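Each remark here refers to the structure printed beneath this line.
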Amino acid sequence: AQKVTQAQTEISVVEKEDVTLDCVYETRDTTYYLFWYKQPPSGELVFLIRRNSFDEQNEISGRYSWNFQKSTSSFNFTITASQVVDSAVYFCALSEEYRAQKLVFGQGTRLTINP
Amino acid sequence: AAGVIQSPRHLIKEKRETATLKCYPIPRHDTVYWYQQGPGQDPQFLISFYEKMQSDKGSIPDRFSAQQFSDYHSELNMSSLELGDSALYFCASTLTARGTQYFGPGTRLTVL
Chain A
1 AQKVTQAQTE ISVVEKEDVT LDCVYETRDT TYYLFWYKQP PSGELVFLIR RNSFDEQNEI
61 SGRYSWNFQK STSSFNFTIT ASQVVDSAVY FCALSEEYRA QKLVFGQGTR LTINP
Chain B
116 AAGVIQSPRH LIKEKRETAT LKCYPIPRHD TVYWYQQGPG QDPQFLISFY EKMQSDKGSI
176 PDRFSAQQFS DYHSELNMSS LELGDSALYF CASTLTARGT QYFGPGTRLT VL
């Protein structure tokens with residue numbers, strides 16, 4: 001069965017600090033996809049990144065970076081030099097190749113960046 | 116770029132009433148997903164459609180039904196509304212069943 005765990009319920013840091021959001025997943029499929037979505041206070045879900053199970057390359061996009069490690073079933077997200085606008089709930093999600101691609105979300109991590 | 120459109124954005128209903136939520140996917144997207152997000156919770160998958168056929172079903176109550184039309188828009192029909200149905204309802208669309216899901220802004224349903 002699919003499962004995504006985000007053990008950090010809430011994180012609070014001061015602006016310009018680096019912060020890492022953890023995500024651990026479970027799946028029996030060999031082909032799957034991992035995602036991160038951002039949900040700001042306005043409520044929409046904003047797509048950040050998608051990785052497939054065959055691509056373990058880490059990715060960097062500006063201040064955002066992602067570390068995918070199949071050996072530990074983790075897909076962690078780091079924000080460098082955090083800004084107040086990064087304050088949001090961040091969801092990690094998983095979809096399996098043969099499950100019509102429905103997303104299974106983690107519980108979310110509420111990130112607060114204090115000025 | 117065009118995004119997923121959901122209407123209405125806010126909806127207030129009384130218990131036992133019915134509600135219809137609409138979703139207009141990104142142009143050329145053929146797959147639509149519906150999710151329900153309760154307060155302080157993560158989104159939960161309800162149902163999906165690919166090329167107008169139901170492709171998967173999650174924890175969707177029997178009181179709810181949905182369909183995808185020939186123009187690929189989708190509607191979620193909810194009857195005999197209960198207080199527990201109060202939530203944010205998201206629609207997402209993808210170009211194919213393997214594509215990235217892009218979400219609409221959501222419909223906030225409040226049942227009084």
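As they're listed, the protein sequences go chains A and B. The numbers in this note's numbering rise by one with no breaks, and the one at position 41 of the first sequence is 41. Count along the second sequence starting at 1, add 115, and that's the number in this note's numbering. Glycine is no exception: its CB is placed at the ideal position from the N, C-alpha and C atoms. As the structure is a prediction and not an experimental result, all values here were calculated from the model.
Item: Check the DSSP bridge columns for C23 (chain A) and list the partner residues they point to.; Value: Partner(s): none; C23 (chain A) has no beta bridge.
Item: Pop quiz: A88 (chain A) and Q39 (chain A) are said to be a contact at Cβ under 8 Å. What is the actual Cβ separation, rounded to whole angstroms?; Value: 6 Å
Item: Keeping to the same chain, check which residues put their C-beta closer than 6 Å to that of F77 (chain A); ignore five residues upstream and five downstream.; Value: L21, W36 and W66
Item: In chain order, what residues of the segment 170 to 196 of chain B put their CB closer than 8 Å to some CB of chain A?; Value: S170, D171 and G173
Item: At 9 Å on the CB atoms, spell out the chain A contacts of G199 (chain B), in chain order.; Value: Going along chain A, no residue has its Cβ under 9 Å from G199 (chain B), so there is no contact; the nearest lies around 19 Å.
Item: Per the contact definition of three or more C-beta pairs closer than 8 Å, is the segment 122 to 130 of chain B in contact with the segment 145 to 155 of chain B?; Value: no
Item: So with CB distances below 7 Å, who are the chain A contacts of L210 (chain B)?; Value: Neighbours of L210 (chain B) on chain A: none; closest Cβ ~11 Å, over 7 Å.
Item: Give me the Cα-Cα distance between G116 (chain A) and F47 (chain A), rounded to the nearest whole angstrom.; Value: With chain A covering only 1 through 115, there is no way to say anything about residue 116 (chain A).
Item: Is the beta carbon of L34 (chain A) less than 8 Å from the beta carbon of F205 (chain B)?; Value: no
Item: Classify S74 (chain A) as helix, strand or coil using the three-state DSSP reduction.; Value: strand
Item: In chain order, what residues of the same chain have a beta carbon less than 7 Å from the beta carbon of S12 (chain A), not counting five sequence neighbours either side?; Value: T112 and N114
Item: Taking the DSSP output, what are the residues bridged to F184 (chain B)?; Value: Paired residues: none, contrary to the question.
Item: In chain A, what lies closer than 7 Å to L145 (chain B) by C-beta?; Value: Just to set this straight, residue 145 (chain B) is Asp in the shown sequence, not Leu. Residues of chain A passing the Cβ test: none, with the nearest at roughly 12 Å.
Item: DSSP state of M198 (chain B), grouped into three classes?; Value: The amino acid at residue 198 (chain B) is misidentified as Met; the sequence shows Leu. L198 (chain B) falls in the helix class under three-state DSSP.
Item: Excluding the 5 residues preceding and the 5 following F160 (chain B) in the sequence, name in chain order all residues of the same chain whose CB lies nearer than 6 Å to its CB.; Value: Y150 and G173
Item: For chain B, find out if any of its Cβ atoms is closer than 8 Å to the Cβ of E96 (chain A); answer yes or no.; Value: no
Item: Go through its chain and collect everything with a Cβ distance to S194 (chain B)'s Cβ below 7 Å, but skip five positions before and after it.; Value: T133 and R178
Item: On a Cα-Cα basis, can you pick out the residue from A:E10, A:Y90 and A:Y25 that is closest to V4 (chain A)?; Value: A:Y25
Item: Counting only Cβ pairs nearer than 7 Å, list the residues of chain D close to Q216 (chain B).; Value: Reference to chain D is not applicable here, since the protein chains of this structure are A and B.
Item: Which whole-angstrom value is the C-beta distance of Q183 (chain B) and F164 (chain B), which I expect to be below 8 Å?; Value: 4 Å
Item: Going by beta carbon distance, what residues of the same chain come within less than 6 Å of F68 (chain A), once the five residues before and after it are set aside?; Value: R51, E56 and F75
Item: How many Å lie between T80 (chain A) and V14 (chain A) at the Cα?; Value: 12 Å
Item: Could you check what DSSP says for D171 (chain B) in three-state terms: helix, strand or coil?; Value: strand
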